[in-house]
Amino acid sequence: MKNIFKIAFRNLFRYKRRTLLTSLLIVFGMILVIVFSGISTSFKGMMIGTITDSMMGHLQIHKKGYVSSIDNLPLHLNLTSKEISNLRKVLDDNEMIKAYTFRIKLGAMLSNFEQTTNIRLTAVDPEMESQTCPALTDRIEGNSAEDGQFMQEGELILPKNLAKGLKLKKGDDIVLVATNKDGSVNAIGLKVAGIVEGLLGPSGRDGYIHIDDAKTLLRITGDEINEIAIRLNELDDLKEVKKQLGAELQQFINKQDQPAFESHTWAELSPFATIATIVDLLIITVKIVLIAIVLVSILNVMMMSVYERVSEIGTISAIGTLPSRILGLFLAEGFSLGLISTIIGNILGVAVLYVINISNFHFSFGRMKDIQLVTSVSSSELLTISVIVLLITVLSSFQPALKASKMQPVEALRHV
Amino acid sequence: MALIELKGVSKFYDMSETRVDALKSVSLQIEEQSFVSFVGPSGSGKTTLLNLIGCLDKPSTGNVYVNGTHVNDLETREAARFRGNHLGFIFQNFNLIPVLTVYENVEYPLIMVQNIAPKERRERILHYLEAVSMLDQKDKYPGQISGGQKQRVAVARALVTNPKLVLADEPTANLDHTSAFKVIELMRQMQRDLKTTFVFSTHDPKIMKEAEIVFTLEDGQMTNKEIMNLKSSN
């Protein structure tokens, strides 16, 4: 084997210019894939991270039918005290879950005593919410709490567009008016504790209040929520946790003999999942371009290599080299070219990503400005790209190598 | 039994509507340890005959036996193994592998064909390179040595596997007169020292005189067999 590769390497350097050009083509393709993959994966990761870490969590549990309900923010599909207790046990027993938060999502009318408008509210326990969505506090202007207590009871975090429209600032008083599930109207007075940047652009109307204030407003006695958002230790475990939770939630049956709860991943709830899918598709497209580059260039160079060395193939065949060894010689030659190109491509690709990182490129995403482009590519991604290149290299070398191994020595020796 | 035996061997090629007879019913026997030459003008069938003996080609009719093996029956892989274990080849154009040094060219069949252990391999290579007076050139590439030197390396490569038979197709055709005689003398010496049978083709009358037995071919037919030093013919 060692000798086959020694001969293969020497043959590669026999035609230096051709080898160099082919290798450069593959290296260029690899750099393209690594850089594109590095940037787009980082962008996707940042985007998913922003959505999950500051708003959605990785997974959510609701009462069956909540997500598909025709009502906007329905209150008649709340989880009861007993159901919360059952779910708490399931969540506490799962080691892959890092934190979870209980929420009541509701719609209300907000008044600054001069003007009134509608608002979507998420009522939360600030500590639980901060543990589940650690990036939320970064989005709140004027928040200085380091323990995650971004608001107290009697306070409200106002979405930026509403604050601007109603000319409200931190410390101002407002009134919230809401209708509970029985149709009864109630109102409470709150103080603005902070302004939150909207993730979804200028139309964002999502504010936060304390869960105890929501219970007061909605006249809820005891424990009652309508959403549980979950944060995992590792986002990569999402499918596994979803599967586990799905199985465990099956044990809870409602009066209609149907599953009592439903769980959804962030991707199932957010339109941004489509963008993530498009990013993945783009990466696949670039990989296909790389495959085409490698396939055509290696096939071309190996075909030329075989046709130029017909007489040499005749010689080694005549002196007793088995066809399988001749096949191996040419496959090794193609593989070596792919291997050299892969190593150089990986080094240069990672180097380009490093240069991008130290160059401090900034961009905007939604309402978030001045985000630094921090690219990264995982070792598994590099390995995948490398394996693809090497596999295609061997595959594209196979036909010329097979041709060489099947040459009749007597005819090959006649070749001038 | 003779090392080489051909019985009524013919070889023809179908060229669209015509048939080209390269060999016409050739029969011959060559004993072990002999130094034999096939002579004749271009197109007389010398190379075809060597190809058939060397298991590089198969006869259209007739039978070829080499070292007791009916080589007509050998499949591609079997033929390659037979060549690697029993035959050595020397070519008109030397056919050394350009990316390998002189040493590595001689080493090639020991690694890629016979899989000889490193220690024995080294001993054999050095022995044969010394025998062909190329030991001091062992680290050079074929492009760095002369034609005569290349052919001496080719002789060493052909002999290093300890073959029973070495086949050489016009081994001196691309050499000047002096180099040609040196190569033939080297082959003769190897034949005497190693008891290896050498069969070579030539169209050079001066070179053919160096052979013990000369078979003459014309238009694919064997026309004469001459035992040189005994001055007999049939």
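From first to last, the protein sequence lines are chains L and C. Residue numbers in the first sequence follow this note's numbering, run continuously in steps of one, and reach 424 at the last position. Residue numbers in the second sequence follow this note's numbering, run continuously in steps of one, and reach 264 at the last position. By construction, the Cβ of each residue, glycine as well, lies at the ideal position given by its N, Cα and C atoms.
A check of alpha carbon separations from residue 180 (chain L) across L:259, L:276 and L:162 identifies L:162 as the nearest. Judged by their CB atoms, residue 31 (chain L) and residue 390 (chain L) are not nearer to each other than the 8 Å cut-off. DSSP places residue 183 (chain C) in the uninterrupted alpha helix (DSSP H) bounded by 177-189. Taking the CA atoms as reference points, residue 73 (chain C) sits about 8 Å from residue 248 (chain C).
With contact defined as three or more Cβ pairs closer than 8 Å, the stretch 307-314 of chain L and the stretch 404-414 of chain L are in contact. In this structure, the straight-line span from the alpha carbon of residue 92 (chain L) to that of residue 254 (chain L) is close to 16 Å.
The beta carbon of residue 97 (chain C) sits no closer than 8 Å to any beta carbon of chain L.
Within the same chain, 230 and 231 come within 6 Å of residue 89 (chain L) by CB-CB distance, once the 5 residues on both sides are set aside.
Interface flag for residue 320 (chain L) against chain C is set, since a Cβ pair is found closer than 8 Å.
When C-alpha distances from residue 196 (chain L) are compared across L:174, L:214 and L:223, the shortest belongs to L:223. Runs of the alpha helix (DSSP H) lying entirely within the stretch 327-401 of chain L, each at least 4 residues long, are 331-366 in chain order.
Boundaries for residue 203 (chain C): no beta strand (DSSP E) harbours it, and the DSSP string shows neither H nor E there.
A straight-line Cα-Cα distance of about 35 Å links residue 283 (chain L) and residue 97 (chain L).
An exposed status is given to residue 148 (chain C), since fewer than 16 other beta-carbon atoms sit within 10 Å of its beta-carbon. DSSP, read as helix, strand or coil, puts residue 180 (chain L) in coil. Taking all protein chains shown into account, residue 27 (chain L) has 16 or more neighbouring C-beta atoms within 10 Å of its C-beta and is therefore buried. Counting only residues of its own chain and dropping the five nearest sequence neighbours on each side, residue 403 (chain L) has a CB closer than 8 Å to the CB of 303. Straight across, the Cα-Cα distance linking residue 225 (chain L) with residue 84 (chain L) is about 15 Å.
With contact defined as three or more Cβ pairs closer than 8 Å, the stretch 139-146 of chain L and the stretch 266-281 of chain L are not in contact.
Residue 87 (chain C) reaches chain L at 418, counting residues in chain order whose Cβ is nearer than 7 Å. Rounded to the nearest whole angstrom, the CA to CA distance from residue 109 (chain L) to residue 355 (chain L) is 43 Å. Non-local beta-carbon contacts of residue 46 (chain L) in its own chain, meaning distances under 7 Å to residues more than five positions away in sequence, involve 361, 383, 384 and 385 in chain order. Residue contact with chain L for residue 110 (chain C): present (Cβ-Cβ distance below 8 Å to some residue of chain L). Contact note: residue 129 (chain C) reaches chain L through 15, 18, 19 and 22, using a C-beta cutoff of 7 Å and chain order. For residue 119 (chain C), at least one C-beta of chain L is nearer than 8 Å to its own C-beta.
Closer than 8 Å to the CB of residue 143 (chain C) there is at least one CB belonging to chain L. Neighbours of residue 139 (chain C) in chain L, taken as residues at a C-beta separation under 7 Å, are given in chain order as 327 and 328.
In the structure shown, residue 408 (chain L) falls within a helical segment according to DSSP collapsed to helix, strand and coil.
Straight-line measurement puts the Cα of residue 322 (chain L) at about 17 Å from the Cα of residue 200 (chain C).
DSSP places residue 68 (chain L) in the strand class (E or B) of the three-state scheme.
For residue 252 (chain C), the enclosing beta strand (DSSP E) stretches over residues 251-257. With respect to the 8 Å criterion, residue 205 (chain C) and residue 196 (chain C) are not classified as neighbours on the basis of their beta carbons. Under a criterion of Cβ atoms nearer than 7 Å, no residue of chain L is adjacent to residue 222 (chain C); the nearest Cβ is some 23 Å distant.
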